[in-house]
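Note sheet for the following structure.
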Amino acid sequence: MRLLGQDLEFERLPGAQPVHRAACDDAGLLAFAAAAKESGGRLVALWGSDERDRGTGFALHVAFALAEGLALVTLALPAGHPEYPDLAPLFPAANRLQRAAFDLLGIVARGADRRPWLRHANWPADFHPLRRDCDASRQFPPQNEDYPFVRVEGEGVHEIAVGPIHAGVIEPGHFRFSVVGEKVLRLEERLGWTHKGVEKRFEQFRLADGHRLAGRICGDSTVAYAWAYCLAAESLSGCQVPQRALWLRALLLERERIANHLGDLGAIGNDAALSFGLSQFMRLKEDWLRLSAELFGHRLTMDAIVPGGVAVELADPGGQRIREQCDAIERETHRLKNIYDEHAGLQDRFLTTGRLDPALASEYSVSGIAGRASSQSWDLRTQNPIAPYDELDTQIASHRSGDVAARVLVRFDEVFESLRLIRRIVDRLPRGGLTAPLPAAREGSLGVGWIEGWRGDVLVALSAGAEGGIRRCHAHDPSWHVWPALEHAIMGNIVPDFPLINKSFNLAYSGVDS
Amino acid sequence: MSSAPALVLQFLELILALLAAPLLTGWVNQCRAWLGNRSAPPLTQFYRQLAKLFEKEVVLADNASSLFRAAPYVIFACMALASMIVPTLSTDLPFAPAADAIALVGIFALARVFAALAGMDIGTSFGTMGARREMLIGFLAEPALLMVFFTASLISHSTSLSTIVETLGQREFAIYPSLAFAGVAFTMVSLAENARIPVDNPTTHLELTMIHEAMILEYSGRHLALIEWAASLKLYAYSCLGLALFFPWGIPETTGPLSMLVALSSLVLKLAIGGFLLALIETLSAKLRIFRAPEFLGTAFMLAVLAMLVHQLLETAT
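Protein chains in written order, with the working numbering: chain E, 1 to 514; chain X, 1001 to 1318.
Here it is, written out as structure tokens:
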């Protein structure tokens, strides 16, 4: 089939989601990317793979979200000079993805930004760990390299360097502010400090247990990652997951969403020095997590989703307790929302702070809560929904102002909507088995899983290896697109507002560094 | 020459300040925890923290000069001196003539200048940023504080704190509208000066939002202990000052075991109430955007000036 009127022949990959795949050349890639942008689509992910052992050099994979679903185009790159056209002029969020792809595989975007992204001088510049002939266990002596930050010139401009080690115990990220007085002229981020080589490690996993690693890429989104992985594995092997398992997966995903939103709402209040908000919301979150631990054996419900189904069951009193807790949390969240809404000091900090302009959000392909607070109505639970979301009638949260207040409101809206979904899931949970066996997969077959996690859409692209192994697994976090947009959202704000703005986005470090 | 009992009393007042200041900070923290539905740390937590810091070794930046090392002692000395001048147990203080209300503002300013210089001395961006913000707060807060003192001075015709407190404490009970305005102004200045919410947040770990904490980020060991202790002394001194100016009842002019006891118990009671009210303000407020701080302190200054005007217009009429 054709998409967007472009001269590429797409075939639909097997599986529950509409994923279309086509091979292309340089010109075809650029033309398709331009058409995708024109049609209001967005860049979802960009990654590379080493196919030299199959005699086809390297490959570049680019995924776009379109109205028709996910379009995945693959560009074969010669082994000698693996180069491809720079997509950053069309989709600026491609910049860091391309730099990461170079660090890991040595494939080059022609004429693009060539500064390292994931590589922090911990390994030499010509060492590309994700190449299949590369021994990633090699050790290199620690070194230092200068990273060329973009300088802002002008009278009274000076830099504030923050992190990667902070005054509190938080994840590592380096932020270079160019400021005049308290006003931020420019922010440049330097991430990659928590790179663990997860994608290389996947190659040593078996298809049937890779979900455990996927569920640990980003701990606060463990359900979304595990489901995306399992969806990919089930798609490529043609596994039919029992209905009850799908509904239980949705239950876990919505519980994860609420747990994180409650924590964020408290933390955002705390960053405006309203510690009352933190203690109240953390109390609710703690109750929530404890019930998860009691019913599903893990506070974050890690490893609850397995290829072919789920490893947890909801026995009889459990459903009733979930329903009762939903009522209690809804009541308390309403009261806290009133307090937040009516607190003049807090609203003064929230309103107009850290505004992400809708046009800019679209430019950077921002999805998830950050996107929905800036008019970007992307939510996989309502667009091309998979079971059970096709029967749940999810209402998408959307706000236009793009400031901290909007991101707070999106979270409140989604908490209430997810509580409604959870009650509906518990009421209508179908009977049946919990797992189906995972059939053997053909070597080299590709599966894609795409799940709306609490932060945004998580994508896992999985390629089966020989004898039930994994050839390549790429996991993509939605924060890749929001981090660069954050650099713009802070511009013109004052330095002491950055922590609040950053918290209102609450982006993943581990997820993008993986 | 002061009498021997007065000297003893002066010495007692210093000891009391050094011991009571950490307790006051501990009390405020306890109230904040209770008001936020958290279980509170013990009242003596701040003592333990000081003891821990005094045990620890001092880690100095390579480029730290002697100014950086000296600053904690200067700041601590300033705050100790300030808490000696403020009449808490008695107005008959031998050291009180050494510094009047205006000099007291100067002592606070001296400590501030040293903290800011030390913050800039090691050359980190946070130290400089904190120093810059601290001076902004300082130059807005000090005039307001002076105006508050001037109102009290106009009432008592003296800038000596002892005389002011004697006059205010021993007067017939009468409502001074000027003091009400001055009291509100003083409360606002105290919040800013002591790095409390809504101007600063003493418990934050977010470097970029810090004011006071940013200046002292590089301090460790006994230096940090002295600075923390000095900060609690400052809170104590400001609280006692507020109580002495606006609620001076219970401070005796004479020295004697019985009047001491009365003075001490009324002080403890008043500090406990004051500390609770501070925690209440902090719990109910969010932090201001930093550029709202000038508005906040500008309001304090306006109120203090208004207090003087009210005094001139209403209270001096004969």
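Note that CB positions come from ideal geometry on N, CA and C, so glycine has one too.
So is residue i buried or exposed if we call it buried at 16+ other beta carbons inside 10 Å?
i, result
"K1056 (chain X)", "exposed"
"H81 (chain E)", "exposed"
"L1309 (chain X)", "exposed"
"R2 (chain E)", "exposed"
"A1004 (chain X)", "exposed"
"L1261 (chain X)", "exposed"
"K1234 (chain X)", "buried"
"L1023 (chain X)", "buried"
"W1249 (chain X)", "exposed"
"R54 (chain E)", "exposed"
"M491 (chain E)", "exposed"
"H334 (chain E)", "exposed"
"H1157 (chain X)", "exposed"
"N338 (chain E)", "exposed"
By how many angstroms is the C-alpha of residue j removed from the C-alpha of residue i?
i, j, result
"E199 (chain E)", "I470 (chain E)", "10 Å"
"L104 (chain E)", "H195 (chain E)", "11 Å"
"H120 (chain E)", "E145 (chain E)", "7 Å"
"L1012 (chain X)", "P1042 (chain X)", "25 Å"
"T1318 (chain X)", "Q1312 (chain X)", "Interpretation of T1318 (chain X) is limited by its pLDDT of 49, a score under 50 that renders its predicted location unreliable; no figure is taken from the coordinates."
"M1215 (chain X)", "E159 (chain E)", "17 Å"
"A1180 (chain X)", "S1232 (chain X)", "26 Å"
"P172 (chain E)", "D220 (chain E)", "16 Å"
"M1001 (chain X)", "G1106 (chain X)", "With a pLDDT of 44 at M1001 (chain X), under the threshold of 50, the modelled position of this residue cannot be trusted, and the question is left open."
"A561 (chain E)", "A94 (chain E)", "Coverage of chain E is limited to positions 1 through 514, which leaves residue 561 (chain E) absent and any answer about it impossible."
"W13 (chain E)", "S445 (chain E)", "Here residue 13 (chain E) is Leu; the residue named in the question, Trp, does not match the sequence. Going by the C-alpha atoms only, they are around 10 Å apart."
"A114 (chain E)", "A125 (chain E)", "Reading off the sequence, residue 114 (chain E) comes out as Arg, not Ala. Those two C-alpha atoms are separated by around 11 Å."
"V392 (chain E)", "V415 (chain E)", "Here residue 392 (chain E) is Leu; the residue named in the question, Val, does not match the sequence. Computed Cα separation, rounded: 15 Å."
"A22 (chain E)", "Q204 (chain E)", "28 Å"
"T1283 (chain X)", "C326 (chain E)", "28 Å"
"I1273 (chain X)", "L1145 (chain X)", "22 Å"
"Q1010 (chain X)", "L1016 (chain X)", "10 Å"
Considering only the alpha carbon of each residue, which of the options lies closest to residue i?
i, options, result
"A88 (chain E)", "E:A466, E:E363 and E:R216", "E:E363"
"A1244 (chain X)", "X:T1283, X:Q1030, X:L1264 and X:L1206", "X:L1264"
"D348 (chain E)", "X:R1292, X:T1167 and X:D1200", "X:R1292"
"T1167 (chain X)", "X:P1202, X:I1155, X:D1092 and X:V1148", "X:I1155"
"W1229 (chain X)", "X:G1036, X:Q1045 and X:V1008", "X:Q1045"
"Y1073 (chain X)", "X:L1224, X:S1232, X:A1006 and X:A1272", "X:L1224"
"Y1238 (chain X)", "X:S1266, X:F1301 and X:M1079", "X:M1079"
"L1093 (chain X)", "X:E1218, X:L1267 and X:T1163", "X:T1163"
"I485 (chain E)", "E:I451, E:G402, E:A441 and E:I494", "Checking the sequence shown, residue 485 (chain E) turns out to be Ala, not Ile. Taking only the C-alpha atoms, the option nearest A485 (chain E) is E:G402."
"A1304 (chain X)", "X:S1153, X:A1131 and X:G1119", "X:S1153"
"P1143 (chain X)", "X:A1006, X:E1193 and X:P1097", "X:E1193"
"L1110 (chain X)", "X:L1161, X:T1187, X:D1121 and X:A1071", "X:A1071"
"A461 (chain E)", "E:S39, E:E11, E:A36 and E:V44", "E:V44"
Indicate the three-state DSSP secondary structure (helix, strand or coil) for residue i in the structure shown.
i, result
"E417 (chain E)", "helix"
"I160 (chain E)", "strand"
"H298 (chain E)", "coil"
"F276 (chain E)", "helix"
"T1318 (chain X)", "Bear in mind that a pLDDT of 49 at T1318 (chain X), under 50, signals an unreliable position, so the number given afterwards is only what the model happens to contain. T1318 (chain X): coil per DSSP, three-state reduction."
"F350 (chain E)", "helix"
"A136 (chain E)", "coil"
"Y509 (chain E)", "coil"
"M1001 (chain X)", "In this predicted model, M1001 (chain X) has a pLDDT of only 44, less than 50, meaning its place in the structure is not dependable enough to derive any value."
"Y84 (chain E)", "strand"
"I451 (chain E)", "strand"
"R471 (chain E)", "strand"
"D26 (chain E)", "helix"
Would residue i pass as a contact of residue j if the rule is Cβ separation under 8 Å?
i, j, result
"A370 (chain E)", "L356 (chain E)", "yes"
"I217 (chain E)", "S479 (chain E)", "no"
"E487 (chain E)", "E254 (chain E)", "no"
"G238 (chain E)", "A226 (chain E)", "no"
"V512 (chain E)", "A228 (chain E)", "no"
"P18 (chain E)", "N384 (chain E)", "yes"
"E374 (chain E)", "P358 (chain E)", "Looking at the sequence shown, residue 374 (chain E) is not Glu but Ser. Yes."
"L284 (chain E)", "A267 (chain E)", "no"
"A76 (chain E)", "G57 (chain E)", "yes"
"K1270 (chain X)", "N1201 (chain X)", "no"
"C1031 (chain X)", "F1276 (chain X)", "yes"
Determine the chain B residues that contact residue i at a beta-carbon separation under 7 Å, and present them in chain order.
i, result
"R407 (chain E)", "Although the question refers to chain B, the structure presented lacks it and instead comprises the protein chains E and X."
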